[in-house]
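Just below is one structure, and these are the notes that go with it.
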């Protein structure tokens, strides 16, 4: 301390000075306290606000993976288009906001400078289209139809075009290799919705506004794997939105490729044969309705019997999946989904369901054995079966006398199954079952075979089908009884009478229900994929596999291969002996049964085929045809709505598919060299070092090649189409059943 | 150093030459108030870092040179330091004799601003552009000249021993002396400076020992004046907006509230130790306007955190505490009044500047002493430091 004051100052001033000092220091204390409050107490919240202030995300889209067939042929891939884009951030750094650059660019692209400027400006309330509606930090596309020459001009003189990029960009394409359309299986993409963007905003895989998302089929089922992971770069921006630094950058991970078990050649054959079969059916006269068959929809499934892998899956009517690329037009969309359309988007192999008809008898046979009936017991195959004044007829009054279960399956004798089902119904207590659980062997078997629920195929929106058991009846009655009771009349029309009956006892298992059910008529519904699963299990010794289309997901660099292994779904509830019996009976269908007239000359000793035909009645419509078949390797199930009998409508088509698979020539010889796939494809296509997947040369149209080959080898002098040389239908086509239906029915969705 | 010298009394004994003299036991350097000087230097040093951080990326104002503002800030500090040395050299008593001249010059300066020579920035016409990137804010020097002028008037008769307190007439004269430049500044209009000047008057009157009636009268007049200004719409709308936005930034989040809000976010996000110098995203992103001048404290808050920003407040506290000591220890009323005026000036300007960045004071365009970029302000505060040091060392009048 220096200077001891020698002042003449009064205490008044001294006191005031002390007050000033205290006041000043307490003001500073206030500042310190406020600083502590903002930075320490509330700091975390302000930090959050600060980071929200200055970080902007830019997303680089990931290239969508391809969908390939079992040999590596692309079914869905990307085509590159040259897209010229402008970066607003870079343009704004220039003195004239990039006007000079954009004008120059317009010159190169042959556009008007004003048009280019408009594309780059941001949309707001006052700006009319065209304008950029996306993130201002995203490169703004000026054109996606640049020629390579234009792109080269821009890229070579990049110093003249700062902020402008000319990059090839991927656009989805469905190339239909060898005319295999595969539309419903592949599905389609459509632009992401605002909701989806919001939901995915903070996930590890955010959507771009321009993103496409798989909406159906494989595109949807494997969307996440195919889509890959968009790259996210977080930029720090300043108050004007100018980029001042890169905070974090994750490179885009291109989507994985999906290898499927589809064989594009078999797919093409299956599609062609389904289409041909439907066309032919439309030429056939239906004596019941007095007009030609409509054959308005159909499906075919070709499945590996021992793995459940789908080799081909076709649904008709179909459409060109490329209509979705680049945004679907309103007119196309109406054609695909409108009320007047034939709903080509439906994959009828998994979304079409109808009564199975006689193809269901394998389930009833298994149920009968389970219920204790001997395989070789003599069951009366009478011409009709009467119950309480009601007569259930066998087809055209056939009478085979007492026969075994196997024979009943082979000749498709309805009355045998009527009798067995009726006996069981009575044993379970009739219309008012005894206390305790009724055994319901026939219904239990259907569930054990996997009916009434999805097979679990790797496609979205599979339907369940239906087993009309007691539980279902109860639920269905509860849901509908009000309507039934309102419209039902005791002495009204047919429909009104049924409604009246249903109102009274629709919740109960009636005798007629059980009898009808045993031969696959009535309320039972199955899908083609369910049939394929069941017949595949019959072929492989009793194991049901979950049907799969995806075979492996291979990363874009080819390094990680994630195989999709066949999955066992269930074991059929049958003994090996019963299985053998069924197997033999179904082989008999080919040689001497309901399908024999379509399989004459088939080399059955070399390639043993098994089949079951079915004809399902649909109220108010023509019958639905079913043909379920299998060899030791494959199961083929074809169904066509409003097309008559199973063998009549689909016999040739299915036979032709087998011929193509195994290389069977019209004369019955086998030319393995011409076989498309005489044994199921094993292993995966080769992955090249750069991650791409090797693809064999694709024929222009496998069907044409097959036909040509067959024409050369055939000795037929009349020159008719060889595969079609089959005898005309005989009168003993025993799967055609005509009988007024007792109950209202559901039909296959069309 | 010789034994004889140790007995010498400053200004009287034989004078040793050169460095020896400079560091002699009772030499001028030894008697300087070092805590204050070092604090002021530290503040200017921190200020240059903050100014640099706030401006190195602002190409639109730094003319492509990231060091543009840094160099100028350091230069300003250097000039300011030289002015301080000059002030000490002359001594406050010498200046007392030339106060009328200083007062006249500064009055001329503020009048010049109102002529076409003045430039309007942010709605206030308070600049004189000198060319070559330099400009002056004469209002800064008014602060000094009002303090000196009022001190001279108020202390004249007291220091002469005539009376214990300045009489009413003297007080009235002193107020009149202050009123002229205040009216001119009000015309600019530069409300912030007016508030500083009024605070200075208050501090000066308090220290002069003027009657309590003057103090309370002045306070009452101030309050009545504020209400009148508010009611009579004398202020421009932007000034009222600034005021309202401080009270509630969400009232006008895109406009004035934006400043306050962004400033608060910047400071709040600093946390305990800050984002690190040059790493503040609010600063680098230029979210806070006027960040090298009025809102420089936000840079400290964001990049240096509570530790750094607290240090600035602490250093200002040291300067003010030392200034208060000097006021109390001065041997004559003149020194006391000058020191108290400076305390009022620094204290109010610091509290207002930091307070507005923290959201507890309305937003006005006042620089933070020593820290903010701006030559005029820097020169004025260093001159003030020189005055304080001069009072401290009690240097006798030079011949």
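Protein chains in written order, with the numbering used here: chain A, 1 to 750; chain X, 751 to 1149.
The C-beta atom is built at its ideal place from N, Cα and C for all residues, glycine as well.
- Residue 1093 of chain X reaches chain A at 20, 24, counting residues in chain order whose Cβ is nearer than 7 Å.
- Between the alpha carbons of residue 105 of chain A and residue 98 of chain A lies a distance of about 10 Å.
- Taking 9 Å as the cut-off between beta carbons, the residues of the segment 903-922 of chain X near chain A are 908, 909, 911, 914, 915, in sequence order.
- In the three-state DSSP reduction, residue 538 of chain A falls in the helix class (H, G or I).
- With 16 or more neighbouring CB atoms inside 10 Å of its own CB, residue 1069 of chain X falls in the buried class.
- Three or more beta-carbon pairs drawn from the segment 166-176 of chain A and the segment 144-156 of chain A are found closer than 8 Å, and the two stretches are therefore classed as touching.
- Between the alpha carbons of residue 592 of chain A and residue 651 of chain A lies a distance of about 14 Å.
- Interface with chain X (8 Å Cβ-Cβ cutoff): residue 34 of chain A is included.
- A distance below 7 Å between beta-carbons, with the five flanking residues on each side excluded, links residue 1034 of chain X to the following residues of its chain, in chain order: 807.
- If you ignore the 5 residues before and after residue 464 of chain A, its C-beta comes within less than 7 Å of the C-beta of 452, 453, 454, all in its own chain and listed in chain order.
- Taking 8 Å as the upper bound for CB-CB distance, residue 1022 of chain X and residue 1057 of chain X are in contact here, some 7 Å apart.
- Between the alpha carbons of residue 456 of chain A and residue 346 of chain A lies a gap of roughly 17 Å.
- Residue 556 of chain A has a beta carbon lying at 8 Å or more from every beta carbon in chain X.
- Following the DSSP letters along the chain, one finds residue 75 of chain A inside the beta strand (DSSP E) bounded by residues 74-86.
- When A:142, A:272, A:352 are compared, the shortest CA-CA separation from residue 655 of chain A is found for A:272.
- The C-beta of residue 207 of chain A has 16 or more other C-beta atoms within 10 Å across all chains shown, which makes the residue buried.
- When the alpha-carbon of residue 10 of chain A is set against those of X:895, X:959, X:906, X:930, the nearest one is in X:959.
- Cβ neighbours of residue 147 of chain A within its own chain (closer than 8 Å, five residues either side excluded): 82.
- Between the alpha carbons of residue 41 of chain A and residue 1108 of chain X lies a distance of about 14 Å.
- Residue environment: residue 377 of chain A is assigned as exposed (fewer than 16 neighbouring CB atoms within 10 Å of its CB, all protein chains considered).
- About 11 Å separates the beta carbon of residue 228 of chain A from that of residue 251 of chain A, a gap too long to meet the 8 Å contact definition.
- Against residue 1022 of chain X, the close residues of chain A are 39, 40, 43, in the order they occur along the chain (beta-carbon pairs closer than 9 Å).
- DSSP lists A:687 as the bridge partner or partners of residue 693 of chain A.
- Residue state for residue 234 of chain A is assigned as strand, using DSSP reduced to three classes.
- Straight across, the Cα-Cα distance linking residue 1121 of chain X with residue 1042 of chain X is about 9 Å.
- For a Cβ distance threshold of 7 Å, nothing in chain A lies close to residue 932 of chain X: the least Cβ distance comes to about 21 Å.
- The beta carbons of residue 968 of chain X and residue 955 of chain X sit closer together than 8 Å.
- With fewer than 16 other CB atoms across the displayed protein chains lying within 10 angstroms of its CB, residue 285 of chain A is exposed.
- Residue 666 of chain A is not a Cβ neighbour of residue 301 of chain A, given a cutoff of 8 Å.
- For the 8 Å CB-CB criterion, residue 316 of chain A and residue 274 of chain A form a contact.
- In the DSSP assignment, the residues bridged to residue 554 of chain A are A:257, A:561.
- With distances taken between CA atoms, residue 862 of chain X lies nearest to X:892 out of X:983, X:892, X:1139, X:1134.
- In this model, residue 508 of chain A and residue 432 of chain A are separated by some 8 Å (Cα to Cα).
- With fewer than 16 neighbouring CB atoms inside 10 Å of its own CB, residue 976 of chain X falls in the exposed class.
- Taking a Cβ-Cβ cut-off of 9 Å, residue 225 of chain A has no neighbours in chain X, whose nearest Cβ is about 37 Å from it.
- At a beta-carbon threshold of 7 Å, none of the residues of chain A lie near residue 803 of chain X; the nearest stands roughly 13 Å away.
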